[in-house]
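**Student:**
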DNA sequence: GGTTACAGTGAACGACTGTGCACTCAATAG
DNA sequence: CTATTGAGTGCACAGTCGTTCACTGTAACC
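Residue numbers (the working numbering), protein chains in the order written: chain A, 50 to 268; chain B, 50 to 268.
Listed below in structure tokens is the structure:
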């Protein structure tokens, strides 16, 4: 690294700003594997990916794949973790609560819209694999249940919902999550220019659901 | 095979009740292909099915597959048609309308429950491939939109909904369909004995949605 | 009865798959 | 400076894949 005095005078000239330590190179290759996998997943299910094409896309030879993942499924799990990190980021962003329903609804839908557009690959992967079966679908299912559970806790702080049973709160949270997932899928399938219509419909659906809340008799 | 006397005295003895005309045999093989495909699809996405294993499962040699379908994708399309026939049957069954919300809700959920349990393979296939991407997902999407459209028409006959705009009716219908789809997936993933809980939650979700209807201001 | 149509056969092909193994060679450790 | 580690290489293998082609045997047709 440092400019050695007598032996080699100009060792790090070619790439002076990238120290590229050994483990950092490894991390980059790993990320390259994840990135090319995500690209390939834009139009096909995970189960059809081959180790060889992912390796090729990342610029390494097939056997070098094993330096990073023991199996393709492990790559998939890593991908789920990466994507759900985005999902949790979205939830955190949406938690800035205005205390009116209307404000909360439009803010949440806007947040979803923004995050989906900024991370289409992640959301496409999550919604694609959600019902595909196998261990990935299960991992995503666990994550979505946590998501729904957190939402239920948040909802409990709203005045009209304070008296609700936890069971009913979960029922409402699941309902909202399923509306959001539907919206996400619609956004991913949308042709350019349809976004406003989709988010508008999403807001309506949430408004309708919340309109029933004051009249609900909790168990 | 048979002990022939002079010419053939007892031609249709071995299988006297099955005349097995030529085209009927073909139809049976075709159905065997569809059936084994559906079995294999119980735990993996359609895109991972190979022509060879479907043919083997149906008891024919790989090349004979082409006598029935030009490509695996065509087999998939036929499968979508078969499964959506079940779906339409369910809709028809659910259309026996009691004129109270409560009656309609529990009857509809019961119908869904019954149809899912009686045709798990079909519903598993539909929900698995719905978001898998590719032409099958698109075909299923078209079918679901028709389903939702029919539901919107049915809904328009209810008194509190007569004044709603068609746009809002579709919004409500989509919402109900997405609740139903969520319920179907839950039923398919359920462990034995959880059915009552799932259908109960499904009824609650629908009741909550419909509770908002009288207070909705249509556009 | 002789001929045709056609569902199903069996061998072969080229392409692609995951994985084992011996290797190179540069960053790191001592 | 030397020794070690380990990411990436290159070859080879045994399978599986979709698809081709010439074929067989029998139900259906005239």
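Backbone N, C-alpha and C fix where the C-beta goes; we use that ideal spot for every residue, glycine too. None of the values given here were measured: they were computed from a predicted structure.
#1: Under three-state DSSP, which class holds residue 269 of chain A?
#2: Which of helix, strand or coil does DSSP assign to residue 70 of chain B?
#3: Given that a residue counts as buried once 16 or more other Cβ atoms are within 10 Å of its Cβ, and exposed if not, what is residue 232 of chain B?
#4: Rounded to whole angstroms, how far is the Cβ of residue 180 of chain B from the Cβ of residue 177 of chain A, which I believe are closer than 8 Å?
#5: Apart from the five residues on each side of it in sequence, which residues of its chain come closer than 8 Å, Cβ to Cβ, to residue 216 of chain B?
#6: Our contact map puts residue 228 of chain B next to residue 255 of chain B with C-beta atoms below 8 Å; I'd like the distance itself, whole angstroms only.
#7: Could you pull the start and end residues of the alpha helix (DSSP H) that residue 243 of chain A belongs to?
#8: Within the same chain, show all residues whose beta-carbon is closer than 8 Å to that of residue 155 of chain A, passing over the 5 residues directly before and after it, in chain order.
#9: Indicate the three-state DSSP secondary structure (helix, strand or coil) for residue 119 of chain B in the structure shown.
#10: In the DSSP assignment, the alpha helix (DSSP H) including residue 109 of chain A goes from what residue to what residue?
#11: Do you know offhand how far residue 140 of chain A's Cα is from residue 104 of chain B's?
#12: For a quick check, are the C-beta atoms of residue 201 of chain B and residue 219 of chain B less than 7 Å apart?
#13: Please return the same chain residues whose Cβ sits closer than 6 Å to the Cβ of residue 164 of chain A, not counting the five positions on each side in sequence.
#14: What separation, rounded to the nearest whole angstrom, lies between the Cα atoms of residue 85 of chain A and residue 130 of chain A?
#15: Applying the 10 Å Cβ sphere with the 16-neighbour rule, what's the burial state of residue 157 of chain A?
#16: So what does DSSP say about residue 180 of chain B, is it helix, strand or coil?
#17: Measure the beta-carbon distance from residue 182 of chain B to residue 241 of chain A and round it to whole angstroms, keeping in mind my assumption that it falls under 8 Å.
#18: Please give me, in chain order, every unbroken run of the beta strand (DSSP E) with length at least 3 that falls completely inside the region 124-207 of chain A.
#19: Give the secondary structure of residue 227 of chain A by DSSP, where H, G and I count as helix, E and B as strand, and everything else as coil.
#20: Using a Cβ-Cβ distance cut-off of 7 Å, determine whether residue 250 of chain B contacts chain A.
#21: Give a yes or no on whether the C-beta atoms belonging to residue 237 of chain A and residue 134 of chain A are separated by under 7 Å.
#22: Let me know the secondary structure DSSP gives residue 260 of chain A once reduced to three states.
#23: Determine the contact status of residue 81 of chain A and residue 107 of chain A, defining contact as a CB-CB distance below 7 Å.
#24: From the beta carbon of residue 169 of chain A, is the nearest beta carbon of chain B less than 7 Å away?
#25: Measuring only the C-alpha atoms, how far is residue 153 of chain A from residue 175 of chain A?
#26: Residue 91 of chain B: which of B:171, B:184 and B:189 sits nearest, CA to CA?
#27: Among A:169, A:148 and A:142, which residue has its Cα nearest to the Cα of residue 159 of chain A?
#28: Is the Cβ of residue 150 of chain A closer than 7 Å to any Cβ of chain B?
#29: Return the Cβ separation of residue 250 of chain A and residue 162 of chain A in integer angstroms, given the expectation that the two are a contact with Cβ distance under 8 Å.
#30: Whose C-beta lies closer than 6 Å to the C-beta of residue 197 of chain B among residues of the same chain, with five residues either side of it excluded?
#31: Using beta-carbon positions only, say whether residue 121 of chain B and residue 89 of chain B come within less than 7 Å of one another.
#32: If residue 265 of chain A sits next to residue 257 of chain B, beta carbons under 8 Å apart, how far is it from one beta carbon to the other, in whole angstroms?
#33: Quick one: is residue 113 of chain A buried, meaning 16 or more other Cβ sit within 10 Å of its Cβ, or exposed?
#34: Should residue 186 of chain A be labelled buried (16 or more other beta-carbon atoms within 10 Å of its own) or exposed?
#35: With DSSP collapsed to three states, give me the class of residue 92 of chain A.
**Tutor:** Judging by the given coordinates:
#1: Residue 269 of chain A is absent from the model: chain A starts at 50 and stops at 268.
#2: coil
#3: buried
#4: Between residue 180 of chain B and residue 177 of chain A, the beta carbon gap of about 6 Å places them in contact (Cβ cut-off 8 Å).
#5: Within the same chain, and ignoring the five residues on either side of residue 216 of chain B in sequence, the residues whose Cβ sits closer than 8 Å to its Cβ are 268.
#6: 6 Å
#7: Premise fails: residue 243 of chain A is in no alpha helix (DSSP H) and is neither H nor E.
#8: 252
#9: coil
#10: For residue 109 of chain A, there is no enclosing alpha helix (DSSP H), as DSSP gives it neither H nor E.
#11: 47 Å
#12: yes
#13: 139
#14: Taking C-alpha positions only, residue 85 of chain A is separated from residue 130 of chain A by approximately 16 Å.
#15: buried
#16: coil
#17: The Cβ separation is near 19 Å, so there is no contact.
#18: none
#19: helix
#20: yes
#21: Contact flag unset, no.
#22: helix
#23: yes
#24: no
#25: 24 Å
#26: When each option's Cα is compared against that of residue 91 of chain B, the closest is B:171.
#27: A:142
#28: Chain B contact via Cβ: absent.
#29: Not confirmed; about 12 Å, so no contact.
#30: 222, 223 and 226
#31: Against a cut-off of 7 Å, the Cβ pair of residue 89 of chain B and residue 121 of chain B comes out as no contact.
#32: 6 Å between Cβ atoms; contact.
#33: exposed
#34: Of the other Cβ atoms in all chains shown, 16 or more fall within 10 Å of the Cβ of residue 186 of chain A; this residue is therefore buried.
#35: coil
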